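Trainee: Sequential numbering from 1 applies to the sequence shown in full-length UniProt numbering. Don't be surprised by glycine CBs; every beta carbon is placed ideally from N, CA and C. None of the values given here were measured: they were computed from a predicted structure.
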Amino acid sequence: SMNQKITCWLNVVGIGENGLEGISPVARKLIESAEVLFGGARHLKMVPDAKAEKISWAKRMREAVPKILELRGRNVVVLASGDPMCYGIGTKLLRHLDLSEVGIHPALNSFSLACSRMGWSLPDVETMTIHGRPVTMLHPYLYPGAKIICLSEDASSPSNVAQLLRSRGFGPSRITVLENMGGPKEKKYQENASDWKFPEGSGLNTMAIECLPDRDPRLLSRSAGLPDSAFQHDGKLTKQEVRSMVLAKLMPFPEHLLWDVGAGCGSVAIEWMRTHPNCTAIAVERSAERIEMLRENADSLGTPMLQTVQGEAPGALSDLHQPDAVFLGGGISMETLERCWESL
1 SMNQKITCWL NVVGIGENGL EGISPVARKL IESAEVLFGG ARHLKMVPDA
51 KAEKISWAKR MREAVPKILE LRGRNVVVLA SGDPMCYGIG TKLLRHLDLS
101 EVGIHPALNS FSLACSRMGW SLPDVETMTI HGRPVTMLHP YLYPGAKIIC
151 LSEDASSPSN VAQLLRSRGF GPSRITVLEN MGGPKEKKYQ ENASDWKFPE
201 GSGLNTMAIE CLPDRDPRLL SRSAGLPDSA FQHDGKLTKQ EVRSMVLAKL
251 MPFPEHLLWD VGAGCGSVAI EWMRTHPNCT AIAVERSAER IEMLRENADS
301 LGTPMLQTVQ GEAPGALSDL HQPDAVFLGG GISMETLERC WESL
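(1) For Ala-41, count neighbouring Cβ atoms within 10 angstroms of its own Cβ and tell me buried if that reaches 16, exposed if not.
(2) In the structure shown, what three-state DSSP assignment does Gln-322 receive?
(3) Write down the C-beta distance between Ala-281 and Leu-306 rounded to the nearest angstrom, noting that I regard them as a contact closer than 8 Å.
(4) Which complete alpha helix (DSSP H) runs does the region 84 to 135 hold, if anything under 4 residues is left out?
(5) Can you pull the DSSP bridge partners for Cys-150?
(6) Of all the options Pro-254, Asn-160, Pro-304, Lys-45, which has the alpha carbon lying nearest to the alpha carbon of His-276?
(7) Here's a check: name, in chain order, each residue in its chain whose Cβ is nearer than 7 Å to the Cβ of Arg-274, leaving out the five neighbours to either side.
(8) For the alpha helix (DSSP H) containing Val-77, name the first residue and the last one.
(9) For Ser-318, is the classification buried or exposed, using 16 other Cβ atoms within 10 angstroms of its Cβ as the cut-off for buried?
(10) Consult DSSP for residue 345 and reduce its assignment to one of helix, strand or coil.
(11) Could you spell out the range, first to last residue, of the alpha helix (DSSP H) harbouring Gln-240?
(12) By the three-class DSSP mapping on this structure, what secondary structure does Leu-138 have?
(13) Just to confirm, is the Cβ distance from Arg-174 to Leu-212 under 8 Å?
(14) With 16 as the cutoff for other CB atoms within 10 Å, does His-105 come out buried or exposed?
(15) Mind checking whether Cys-150 and Thr-136 have CB atoms under 8 Å apart?
(16) Taking the alpha carbon of Thr-206 as the reference point, which residue from Trp-196, Tyr-189, Met-293 has its own alpha carbon closest?
(17) How many angstroms separate the CA atom of Asp-214 from the CA atom of Arg-166?
(18) How is the alpha helix (DSSP H) around residue 347 delimited, first residue to last?
(19) Report yes or no: do three or more beta-carbon pairs, one from the region 258 to 266 and one from the region 320 to 328, lie closer than 8 Å?
(20) Apply the 10 Å Cβ neighbour rule to Gln-95 and answer buried if 16 or more other Cβ atoms are within range, or exposed otherwise.
(21) Throw me the rounded Cβ distance for the Met-61 and Lys-92 pair, which I believe falls under 8 Å.
(22) Hey, could you find the ends of the beta strand (DSSP E) Ile-175 is sitting in?
(23) Under a three-way DSSP split, which group does Asn-18 fall into?
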């Protein structure tokens, strides 16, 4: 029957750099009694004597999810690093499964570990990741005195971050690279962005960044109404005062989607996304030149995940996700207006 209790068949066990000695007795028992163990090669090596069938996943986590779902009903344990609900596989699995089917057993996440190494208070720190994302995601977080903990993509991330900080006038900022935290190979090194010269180290690293400006930093608030000079444009730009009014009326909320139709150089969509990392936007623009400017603006202002659609409204709107807000730039037909109104 429908109300039959679904039993928990999948357990996700977070493992720190100290391996199995860091996990709870409960998690250890789950691993020992698993029918199938799923994880990266590094984690599977830690459990050589487990009797389970072992399946190793590819580099990208999202490719693992369908494979795990196919095992539904068997006793499966997924080995993950750190906290599976902190930019981890737990979050992705729970998009497809009911919580009653899944048990989550976290180890410490990198943000907590980094705060303990730096003596920083976690609620007062900006936490973010550039793992699988462009380094330009960092831009909105930069202001004098900011403390940022950032999960790296790989060994090249620290020098890429140093370069980005220099380009924004934050050369004196201190970057601390924390490698293999919590394990026997843990290392820490620290240098100003302007003098950054460390060779690449471990790919498993987290950066703690203390933002310090030089004499002439490019300061850009996350509140709407950036100066017009912050954008590359060809004149087709919603001007600063109007833009701040427009954004107040659009009322951005996290997880909300904006359609910016006739986006020009993208100023409204970009400012919408800057208000919160979980604000999303789709910019629709017919001119290829403007799309190119829009992409450069999205990069330099820290919203590289902005989706762009090159095309003419209303046709270009047909396959887009339903928006929570719509902004119409210039030159909009009645037909487009009606189509946007219906979409809300």
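Mentor: In short:
(1) Using a 10 angstroms sphere on the CB of Ala-41, the tally of other CB atoms stays under 16, which defines it as exposed.
(2) Reduced to three states, the DSSP call for Gln-322 is coil.
(3) Going by Cβ atoms, the distance from Ala-281 to Leu-306 rounds to 6 Å, so yes, they are a contact pair.
(4) Fully enclosed alpha helix (DSSP H) runs of 4 or longer: 89 to 93, 110 to 118.
(5) In the DSSP secondary-structure assignment, Cys-150 is bridged to Met-128, Met-207.
(6) Answer by Cα proximity: Pro-254.
(7) For Arg-274, the CB contacts under 7 Å within the same chain, skipping 5 residues up- and downstream, are Pro-140, Arg-222, Leu-301, Gly-302, Thr-303 in chain order.
(8) According to the DSSP assignment, Val-77 belongs to no alpha helix (DSSP H) but to the beta strand (DSSP E) extending over 76 to 81.
(9) Of the other Cβ atoms in all chains shown, fewer than 16 fall within 10 Å of the Cβ of Ser-318; this residue is therefore exposed.
(10) Any property of residue 345 remains undetermined from this structure, which presents the chain solely from 1 to 344.
(11) That run of the alpha helix (DSSP H) goes 240 to 250.
(12) Shown here, Leu-138 sits in a helix according to DSSP, grouped into three states.
(13) Leu-212 sits close to Arg-174, with the two beta carbons spaced by under 8 Å.
(14) His-105 is buried by the Cβ-count criterion.
(15) Judged by beta-carbon spacing, Thr-136 lies beyond the 8 Å limit of Cys-150, meaning their Cβ atoms are not closer than that value.
(16) Answer by Cα proximity: Tyr-189.
(17) Each residue's alpha carbon lies about 9 Å from the other.
(18) A question about residue 347 goes unanswered here, because the residues of the chain that appear run from 1 up to 344.
(19) Segments in contact, yes.
(20) One point to set straight first is that residue 95 is Arg, not Gln, in the sequence displayed. Classification for Arg-95: exposed.
(21) Between Lys-92 and Met-61 the Cβ distance is about 6 Å, and since that is below 8 Å, they are a contact.
(22) Note, Ile-175: beta strand (DSSP E), 174 to 179.
(23) DSSP places Asn-18 in coil when its eight states are reduced to three.
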